[in-house]
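Single-structure report; data block below.
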Amino acid sequence: MVAVSHGEAAVTTLFLPKNMPMTKSNKIPVTIITGFLGAGKTTLLNRLITENSAKKFAIIENEFGDIPIDQELVVNAKDGIFEMSNGCICCSLNVELGELLQKLMSDEYDFNHLIIETTGIAEPDGIAAAFIGGNRETKFKLDGTICLADAHDIVKNLEERGEAHKQVAFSDLILLNKTDLVSKEKLLEAKNLIKKYNAEAPIHECSFGKVEKDLLDLNAYDGDRLENKLLNPHHHHHHNELVAHSFDFKEPILADKFEHWINMLLFLSGYQIYRIKGILNIEGETHKIIFQSVRSNSKIDVGSPWMEGEIRKSKIIFIGNNVKREPLEKGLKGCLKI
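Using the numbering used here, you'd call the opening residue of the sequence shown number 866 and step up by one each time.
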């Protein structure tokens, strides 16, 4: 294991031992709900709570007043965490996220799914980064980020607000909400613009956040799911300063060189590069290695084994703001065994 720490921006990568079996854990899934002001985030949150009564939710709100809490449902309130008679836990993000998660990780609270609703002007990658790498991964697993987009306002928001750019670009699934309030032409305009910022995320049209899909089981950061997705054709997107660069290499990657380069890249550009997703052909490894990062935090998973006769190659995608392709390509080529 190689761990490199640079103050607050700690970067840890781990190349797992060869032939290590792939295992699934009982980690608590984390769903992040994002979207610009008035997009319908709280309506969706309340729907998820109502329609999944068998789950025990912990809910973190950036703006606690948005949750309509019936005081008759509160059975205990301690340290800003409200235990409800319906089995949910509600709390406000009025302290550092790490401090709040530490409280929730204690044996005092019983829940099996964590939902975080961001403010309308928050950038979700900062919250997601808290669950990539580090000791929180032993308790939680990031399931995915859902973006609520107001069908009436999203075009204007994307044209004027940088926060909206990142909310859409970073998300794993987009709910184009309030479609009953716009014409077919405006709906098509909204969908086309969203795809320019995020060509990968599925877009579901809805009203009041209601869709026929399990929103709590996206598995967007699951190594197997990501491997299958990356093997399919990828569409580059480039809109203003927001870019996605994709690279393919048949030459094997040298683990030590890649670790050194990626750690330096994330340390220097962690807030410029929102997300990295890749299947790596590591020299000497019998399995595909799945690499992911959010901001300066990264994680490694063991993928499926390289099959006999299969063409071994790496594929890696960088998504970020005003990120140049040439330095990335040069850095990656410096990690190859040639």
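From the three backbone atoms N, C-alpha and C, an ideal C-beta is built for every residue, glycine too.
Alpha-carbon spacing of residue i relative to residue j, whole angstroms
i: residue 1027; j: residue 1171; result: 41 Å
i: residue 1117; j: residue 1154; result: 12 Å
i: residue 1110; j: residue 1010; result: 21 Å
i: residue 1061; j: residue 950; result: 44 Å
i: residue 1195; j: residue 953; result: 49 Å
i: residue 1187; j: residue 919; result: 44 Å
i: residue 1055; j: residue 974; result: 41 Å
i: residue 1032; j: residue 900; result: 6 Å
i: residue 999; j: residue 1051; result: 43 Å
i: residue 992; j: residue 1068; result: 22 Å
i: residue 1048; j: residue 1176; result: 48 Å
i: residue 1148; j: residue 1121; result: 10 Å
i: residue 1107; j: residue 1034; result: 8 Å
i: residue 1173; j: residue 1124; result: 27 Å
Cβ neighbours of residue i in the same chain (closer than 6 Å, five flanking residues each side left out)
i: residue 905; result: 1013, 1042, 1074
i: residue 1140; result: 1159, 1184
i: residue 1095; result: 1144, 1180
i: residue 917; result: none
i: residue 1088; result: 1155, 1166, 1168
Supposed close pair residue i, residue j - CB separation, criterion 8 Å
i: residue 1039; j: residue 1022; result: Contact doesn't hold; Cβ gap of about 13 Å is too wide.
i: residue 965; j: residue 956; result: 6 Å
i: residue 1181; j: residue 1132; result: Residue 1181 to residue 1132, Cβ: 18 Å. No contact.
i: residue 1157; j: residue 997; result: 7 Å
i: residue 1008; j: residue 896; result: 5 Å
i: residue 913; j: residue 1083; result: That pair is no contact at about 13 Å.
i: residue 1178; j: residue 1114; result: 6 Å
Residues near residue i in its chain [Cβ-Cβ closer than 7 Å; skip 5 each side]
i: residue 1004; result: 892, 893, 970
i: residue 908; result: 1073, 1074
i: residue 1092; result: 1144, 1153, 1155, 1168, 1169
i: residue 1085; result: 1008, 1009, 1037
i: residue 1020; result: 1054, 1055, 1058
i: residue 1001; result: 966, 995
Cβ-based burial, residue i [other Cβ within 10 Å; buried from 16]
i: residue 990; result: buried
i: residue 985; result: buried
i: residue 1142; result: buried
i: residue 930; result: Caution applies to residue 930, whose pLDDT of 48 falls short of 50 and renders its modelled position unreliable; the model cannot decide the point.
i: residue 1006; result: buried
i: residue 980; result: buried
Considering only residues of the stretch 958-985, which uninterrupted beta strand (DSSP E) runs meet the minimum length of 3 residues and lie entirely inside it, listed in chain order?
-> 978-982
Any chance you could list the alpha helix (DSSP H) runs of at least 4 consecutive residues sitting entirely within the stretch 1085-1165, in chain order?
-> 1088-1096, 1120-1134
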